[in-house]
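Residue numbers (this note's numbering): 56 to 287.
This is the structure in structure tokens:
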């Protein structure tokens with residue numbers, strides 16, 4: 056079966072849902088990292104506090120507290136990277152045994168479709184999970200780089216190398232957090248892609264719901280309100 060023939064196995068709703076899923080993922084990610092003036096996102100607000108963390112880090116003695124925070128951040132990225140790897144393995148196992156999935160999906164949706172349809176839907180899910188895994192791994196590595204640079208910051212706050220190195224550590228920390236947030240968004244939209252197993256309508260609803268949830272957490276959540284109340 057040629058690819059052109061395989062495309063005919065999907066309905067217009069499937070293509071609309073897939074377009075919403077991908078465009079929503081890209082657009083929400085762009086606005087989160089490049090918010091409009093006067094309406095910063097939670098991620099952009101946290102940039103200030105990460106920079107301020109490094110300024111306070113220079114003056115703090117001892118610096119065990121900072122090491123604990125960075126260790127917790129690395130543990131979080133390691134956990135999600137491991138979970139993503141397990142999900143990738145499970146997805147590949149399902150693709151290799153898609154006949155059973157076809158039977159279950161047919162019972163749930165009451166729609167009969169060739170095995171290739173379910174395999175393609177699983178591949179879309181795996182795309183988001185694989186992207187999340189790569190982002191989490193890179194974030195974990197960057198947090199490690201930040202830890203090394205922080206260790207290179209002189210203990211004496213008057214040392215001319217102290218503040219510049221702390222600022223470098225802050226920039227690496229910000230980049231790591233950006234990669235971590237991208238990984239989380241991929242997880243969210245990977246879950247939305249799972250709704251495609253129920254059909255085109257469920258994919259559309261899942262995509263719109265995911266866009267709303269991510270937007271609300273970044274631009275209309277209580278945590279954002281708390282951050283906005285603090286003077287910047």
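C-beta: ideal position from N, C-alpha, C; glycine also.
By Cβ distance below 8 Å, which residues in the same chain neighbour residue i in space, the five residues on each side in sequence not counted?
i	result
residue 139	184, 185, 187, 188, 191, 238 and 242
residue 256	68 and 72
Buried or exposed: where does residue i fall if 16 or more other Cβ atoms within 10 Å of its Cβ makes it buried?
i	result
residue 261	buried
residue 203	exposed
residue 107	exposed
residue 127	exposed
residue 29	In the structure displayed, the chain extends from 56 to 287; residue 29 sits before or after that span and is not available.
residue 141	exposed
residue 229	buried
residue 80	buried
residue 112	buried
Between the C-alpha atoms of residue i and residue j, what's the straight-line distance to the nearest angstrom?
i	j	result
residue 146	residue 177	7 Å
residue 222	residue 104	12 Å
residue 65	residue 143	24 Å
residue 90	residue 169	43 Å
residue 148	residue 115	50 Å
residue 218	residue 201	14 Å
residue 284	residue 101	13 Å
residue 151	residue 75	28 Å
residue 214	residue 181	49 Å
residue 165	residue 175	Because residue 165 carries a pLDDT of 47, less than 50, the predicted location of this residue cannot be relied on, and the following value inherits that uncertainty. Distance between the alpha carbons of residue 165 and residue 175 is about 19 Å.
residue 226	residue 271	26 Å
residue 232	residue 129	10 Å
residue 276	residue 97	9 Å
residue 120	residue 244	34 Å
residue 110	residue 212	10 Å
residue 210	residue 92	38 Å
residue 279	residue 78	24 Å
residue 240	residue 118	32 Å
residue 273	residue 63	38 Å
What are the start and end residues of the alpha helix (DSSP H) that includes residue i?
i	result
residue 265	255–274
residue 284	277–284
residue 201	170–206
residue 252	From DSSP, residue 252 is part of no alpha helix (DSSP H); its letter is neither H nor E.
residue 83	67–88
residue 121	119–151
residue 216	Taken as a continuous stretch (DSSP letters only), residue 216 belongs to no alpha helix (DSSP H), as it is neither H nor E.
residue 102	97–114
By Cβ distance below 7 Å, which residues in the same chain neighbour residue i in space, the five residues on each side in sequence not counted?
i	result
residue 132	191, 194, 195, 198 and 235
residue 136	188, 191, 192 and 195
residue 247	76, 261, 262 and 265
residue 207	220
Near residue i, what residues of its chain come up, given a Cβ to Cβ distance below 6 Å and the 5 sequence neighbours on each side ignored?
i	result
residue 258	72, 250 and 251
residue 205	224
residue 179	248
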